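*Asks:* I'd like to ask some things about the structure below.
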Amino acid sequence: MLLDRTGRKPDLWTRGQPDDHAPVLVAWEEWNTQARLGNDPDRLGVEIPNTLAIEDLRPVLSQVGLVAIRFGAFSDGRGLSQARLIRRAGFTGVLRAVGPLIPDEFGFALQCGFDEVELPESSAHRQSEDEWLRSLAAYSHTYQQGYRSRTSILAQRRLARLSKGQSHA
Amino acid sequence: MYRYDEFDAGFVRERVALFRDQVQRRIDGSLTEDEFKPLRLKNGVYLQLHAYMLRVAIPYGTLSSVQLRQLALIGERYDRGYGHLTTRQNIQFNWPKLRDVPDILDLLADVEMHCIQTSGNCIRNVTADHFAGVAADEWIDPRPVCELIRQWSTAHPEFSYLPRKFKIAVTGASHDRAVVKAHDIGLRIVRHPDTGAHGFEVSVGGGLGRTPMIGKVIRDFLPQEELLAYLEAVMRVYNLEGRRDNKYKARIKILVHETGTEALKARIEHEFAQLDGPSINADPEELARIAAYFAPPHYEELPAVSARLEAAKSANPVFADWIDTNGFAHKVAGYRAITISLKGIGEIPGDITSAQMRQVADLADRYSLSEIRVSHNQNLILPNVKNDDLFALWQGLVEAGLATANVGLITDIIACPGLDYCALATARSIPIAQAIAKRFADPARQREIGPLNLNISGCINACGHHHVGQIGILGLEKRGQESYQITLGGDPTEQAAIGEIVGPGLTAEAVPDAIERLVEVYLEARQVGETFIDTFRRIGIGPFKLAFQHNLEGADHVA
Amino acid sequence: MSATKRPPLPVILLANHFLDGEVVFWSGQGWSRNPQEAQTASTQAEADVLEEAGRLAFARAEVVDAALIDVSLSADGQPVPNHFRERFKISGPSVRTDLGKQAEFAKDQAKG
Ligand code: HEM
Ligand code: SF4
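Residue numbers (numbering that gives the first Met the number 0), protein chains in the order written: chain A, 0 to 168; chain X, 0 to 558; chain R, 0 to 111.
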């Protein structure tokens, strides 16, 4: 099951051999040996292990439209830090978490810069799309500033202070 | 005291609803037990031997009387009428039912409390000097910084699935009462030598457990405004590089050890230089907003010496001893901070009944501006007592059975729950504490022995801080029997040290005799003005080992 | 629970009830809170049955930490765990004899 913040979506990417139609996701381990289709980042993605140093991925980021990070286990949070670093490196394409994540981690993953989660069948048959979406509504506000969001609790307090300061002025 | 604003209050309520939902999802099978367990741990719910256990955070050890009464209510309604104070400024209930936990969390939220991140592989409850704000040797109250860290670390999107637990402690006094060097990150608030600006000395990689280590300083001065960004840099390096292949090697102390302090420091500084500080750091105004809640209460102008107190002391020597032992110098003249010992002779260290919680809450309302503290020594503190009120307070405590005069003495024992409650234990700790306390019950003898901290853990995880006990006792299993290993010379203060093993393991019955022999060695060797640790440092472990060996010849030991 | 780690016979099946946390024993018919109702398995085949009961109950989120515990039989036929850890687990805290099974099911309790 592939999910983003709006719900379930079809997976247009294929793994393995490049194909004339579908965009292809190349495993990091095969990145240097696999034939690549032209220079179209929209049709090329890379799938990395959660042990990869993001410094090593940097040169690749401009060539791909999707980076997938493999989570060995939901309890292994390395991918969350990798996502932050990939976003900090300026990557604006699609960032995908692959593995047995749990719904309670979905909001965290989005805050760290992920766009979507690809769940294995063993998780997907227990967990509904609805559960995943519901988990995003668990907290109305968070203390930390997330990727694409400027509305941390600290930021809102700052804003309240500013508007109060203005109305006093 | 800090008060929740609408965001804090809303967050805690939503968290309760989320946990309710998580329990439901476990029941309906959408979460497996492996998935559910870390979620329940992050809400303070453990499974012990006999039942679940719920660990409630008491951030930086500060409690109001209203909160203490609520804990009393929870103890009565959902537990067996008591709670247990821990070495990390938490309180644990030993018998809650999982089905009741969401309701308990709602009761806690009613008084601005929670169990968030009191367990699990995340940033835990931030601890501080229990005399914060009142200690005479403190120059800045660490609690606003602790509160800032509490908020920043709460449900942190990036650092909620760390390799292992992560503990942070802060002190702002010259004497370290928060054991900062035994924490994953220890922060000492310092003043810049040139500018006088506030900042932190940062150490990383302290920890006890099976590989005890003292934290290493990686920053002599971190400007206060940059704290959260720097913490984020440390956490990111740890999250990415900390070992995940072996749970016993997963703490940051192992990363520090294996990478080397200098190399790790360089990586942290490199990350710190790259991250976007302003998007992480709190404004000075935010810290000021929090600090305003910790502004000193309205103290009366009082003479330093209270005639009433002096009169009561000379009329009542037992009271005088209690004051001298359990009193602590306050930064405001005419006031004192009082430690309420939860170490009555023969009682369970750190346990307090719901009835006693209410009595303490009432006494706090009457005599301590409604405030109570929790110390890592498993005691309570009334931080703001007028000298004039001390005698009345003492009488109230006598009535509650809470006037034991032994703070800092050999019977003020830290003990983890051990095998009487804990599923990980290899031996019991509480009965050992009780037996030793009974052996040294005589108050005059305890005072004669002087300051001596004795810490007991029921397994190598070291929850009872045995490594930093001047006398440490570790309960192990040897050939199907409980066996106790004794260490000497540990020190939890700014001169932090790990104790050395004095000899082979003993049976439970043999422990009090052995402790008595070790104490005698000190009493015989001590010079004028020396405490146990001073003598130990001067003469070394040799004489203690010798006496221990002699003693063994009479006792049956499990080797 | 894996068969490879099975303790020596005879054994009983011990667990904590998922929603209550309380220690429960497999009685043959279901879970009992009373240690005196624990069913003792003396053969591998009987132990297999216990193990399966634990596995199913765990899968249904009825219990957690289900484990076979090796016991000896006391004079009156009551199973007493061989290891002191489990003796505490089926009795209660040794420092609070007013709490736990030892208080509730006082008769015939195994001594800690
Ligand atoms: C169900 C009960 C408990 C369990 C399962 C438990 C588990 C553990 C474990 C596994 C560790 C070792 C962590 C490591 O080195 O990675 C540890 C450390 C610790 N625990 Fe507990 N604990 C329990 C109760 C307590 C209690 C009651 C206290 C306080 C009296 C406590 C305070 C501590 C402290 C201070 C450490 C510090 C060691 C360090 O930071 O390295 N724990 N605990
Ligand atoms: S030290 Fe061991 S026995 Fe004691 S509470 Fe910690 S885990 Fe349990």
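We treat Cβ as the ideally placed atom computed from N, Cα and C, and that holds for glycine. Computed from a predicted model, the values in this text were never measured in an experiment.
1. Report all residues from its chain with a CB closer than 6 Å to the CB of X:Ile485; omit the five preceding and five following residues, and keep chain order.
2. Indicate the three-state DSSP secondary structure (helix, strand or coil) for A:Thr13 in the structure shown.
3. Look at the alpha carbon of R:Gln108 and the alpha carbon of X:Gly349, and state the distance between them as a whole number of angstroms.
4. Please list the partners that X:Thr153 has in chain A, where partner means a Cβ-to-Cβ separation under 7 Å.
5. Counting only Cβ pairs nearer than 7 Å, list the residues of chain R close to X:Pro430.
6. Please tell me whether R:Ala60 has its Cβ less than 8 Å away from any Cβ of chain X.
7. What residue from X:Leu418, X:Ile497, X:Val520, X:Gly259 has the CA that sits closest to X:Lys180's CA?
8. Could you tell me the alpha carbon to alpha carbon distance between X:Gly326 and X:Ile184, rounded to whole angstroms?
9. Please report how far the alpha carbon of X:Leu396 lies from the alpha carbon of X:Val373, in whole angstroms.
10. Helix, strand or coil for X:Gln480 per DSSP?
11. Counting only runs that start and end within the segment 38-92 of chain R, where is the alpha helix (DSSP H) found for 4 or more residues in a row?
12. Counting only the same chain and skipping the five closest in sequence on each side, list residues whose C-beta sits under 6 Å from that of X:Phe35.
13. Quick one: residues in its chain with C-beta nearer than 6 Å to the C-beta of X:Val406, no 5 flanking neighbours on either side, listed in chain order?
14. Judging by CA-CA distance, which residue of X:Pro58, X:Val15, X:Leu72, X:Thr61 is the nearest neighbour of X:Val44?
15. If we cut at 8 Å on Cβ distances, does R:Ala109 have a partner in chain X?
16. When you measure from the CB of X:Ala461 to every non-hydrogen atom of the ligand SF4, does any distance come out below 7 Å?
17. Just the C-alpha distance for X:Ala272 and X:Tyr229, rounded to the nearest angstrom, thanks.
18. Would the beta-carbon of X:Gly417 be found less than 7 Å away from any heavy atom of the ligand SF4?
19. Rounded to the nearest angstrom, what separates X:Gly241 and X:Met212 at their Cα positions?
20. The segment 64-75 of chain A: which residues have C-beta closer than 7 Å to a C-beta of chain X, in chain order?
21. Please determine whether the Cβ atom of R:Ser93 lies at a distance below 7 Å from any heavy atom of the ligand SF4.
22. Quick one: does the C-beta of X:Ala432 sit closer than 7 Å to a heavy atom of the ligand SF4?
23. Helix, strand or coil, according to DSSP, for X:Ile459 in the structure here?
24. In chain X, which residues lie with their C-beta within 7 Å of the C-beta of R:Asn33?
25. Quick check on A:His169: buried or exposed, where buried means 16 or more other Cβ atoms within 10 Å of its Cβ?
26. Can you check whether the C-beta of A:Phe90 is within less than 8 Å of a C-beta belonging to chain X?
27. So within the segment 257-299 of chain X, which uninterrupted alpha helix (DSSP H) runs reach at least 4 residues, ignoring any that extend past its ends?
28. Going along the chain, which residues of its own chain have a beta-carbon closer than 7 Å to the beta-carbon of X:Trp393, five neighbours each way excluded?
29. DSSP three-state call for R:Ala2: helix, strand or coil?
30. Could you please tell me which residues of the segment 61-84 of chain R, in chain order, have their CB closer than 9 Å to any CB of chain X?
31. With distances taken between CB atoms, is the gap from X:Pro58 to X:Asn120 smaller than 8 Å?
32. If you measure from the beta carbon of X:Asp105 to each beta carbon in chain A, is any gap under 8 Å?
33. Would you say the beta carbon of X:Leu62 comes nearer than 7 Å to a heavy atom of the ligand SF4?
34. Counting Cβ pairs closer than 8 Å, one from the segment 291-298 of chain X and one from the segment 251-267 of chain X, do we hit at least three?
35. By the 8 Å beta-carbon criterion, what residues does the segment 207-226 of chain X contribute toward chain R?
36. For X:Met234, which of helix, strand or coil comes out of DSSP?
*Replies:* In short, the structure shows the following:
1. Within the same chain, Ile472, Val501 come within 6 Å of X:Ile485 by CB-CB distance, once the 5 residues on both sides are set aside.
2. Look at A:Thr13 here: in three-state DSSP terms it is strand.
3. With a pLDDT of 44 at R:Gln108, under the threshold of 50, the predicted position of this residue should be treated as unreliable, though the coordinate-derived value follows. Whole-angstrom Cα-Cα distance: 28 Å.
4. Per Cβ cutoff of 7 Å: Tyr142.
5. Residues of chain R passing the Cβ test: Ser93, Val94.
6. Using beta-carbon distances, R:Ala60 counts as an interface residue toward chain X, with a partner under 8 Å.
7. It is X:Ile497.
8. Straight through space, the alpha carbons of X:Ile184 and X:Gly326 are spaced by roughly 30 Å.
9. For X:Leu396 and X:Val373, the distance between alpha carbons rounds to 16 Å.
10. In the three-state DSSP reduction, X:Gln480 falls in the strand class (E or B).
11. Counting whole runs of 4 or more residues, the segment 38-92 of chain R contains the alpha helix (DSSP H) stretches 43-58, 83-88.
12. Answer for X:Phe35: Arg25, listed in chain order.
13. For X:Val406, where only same-chain residues beyond five positions count, the Cβ hits under 6 Å are Thr324, Asn325, Thr338, Ser340.
14. When only C-alpha atoms are compared, the closest one is X:Val15.
15. Residue placement at R:Ala109 cannot be trusted, given a pLDDT of 45 that sits under 50; the coordinates are not used to answer.
16. Residue side-chain check: X:Ala461 places its Cβ nearer than 7 Å to a non-hydrogen atom of the ligand SF4.
17. Rounded to the nearest angstrom, the two C-alpha atoms are 9 Å apart.
18. Yes.
19. Those two C-alpha atoms are separated by around 16 Å.
20. Taking 7 Å as the Cβ-Cβ cut-off against chain X, the residues of the segment 64-75 of chain A that qualify are Phe73, Ser74, Asp75.
21. R:Ser93: no, Cβ never under 7 Å from the ligand SF4.
22. Because no heavy atom of the ligand SF4 lies under 7 Å away, the Cβ of X:Ala432 does not count as near it: no.
23. In this structure, X:Ile459 counts as coil in the three-state DSSP scheme.
24. What R:Asn33 touches in chain X: nothing, since even the nearest Cβ is about 14 Å away.
25. Outside the displayed span of chain A (0 to 168) sits residue 169 of chain A, for which this structure offers no information.
26. By this cut-off, A:Phe90 is not an interface position.
27. If only complete runs of 4 or more residues are kept, the segment 257-299 of chain X shows the alpha helix (DSSP H) at 260-273, 276-279, 283-292, in order along the chain.
28. Taken in chain order, the residues that qualify are Phe318, Trp321, Ala402.
29. Reliability fails at R:Ala2, whose pLDDT of 47 lies under 50, so the model's placement of it is uncertain and no value is given.
30. Of all residues in the segment 61-84 of chain R, the ones placed with a Cβ closer than 9 Å to any Cβ belonging to chain X are Val63, Asp64, Asn81, His82, Phe83, Arg84, in chain order.
31. The criterion of a C-beta distance shorter than 8 Å is not satisfied by X:Pro58 and X:Asn120.
32. No - not a single Cβ of chain A is within 8 Å of the one on X:Asp105.
33. Shortest gap from the CB of X:Leu62 to any heavy atom of the ligand SF4: 7 Å or more.
34. Contact fails: fewer than three Cβ-Cβ distances are below 8 Å.
35. Result list empty, no residue passes.
36. Assigned with DSSP and collapsed to three states, X:Met234 falls in helix.
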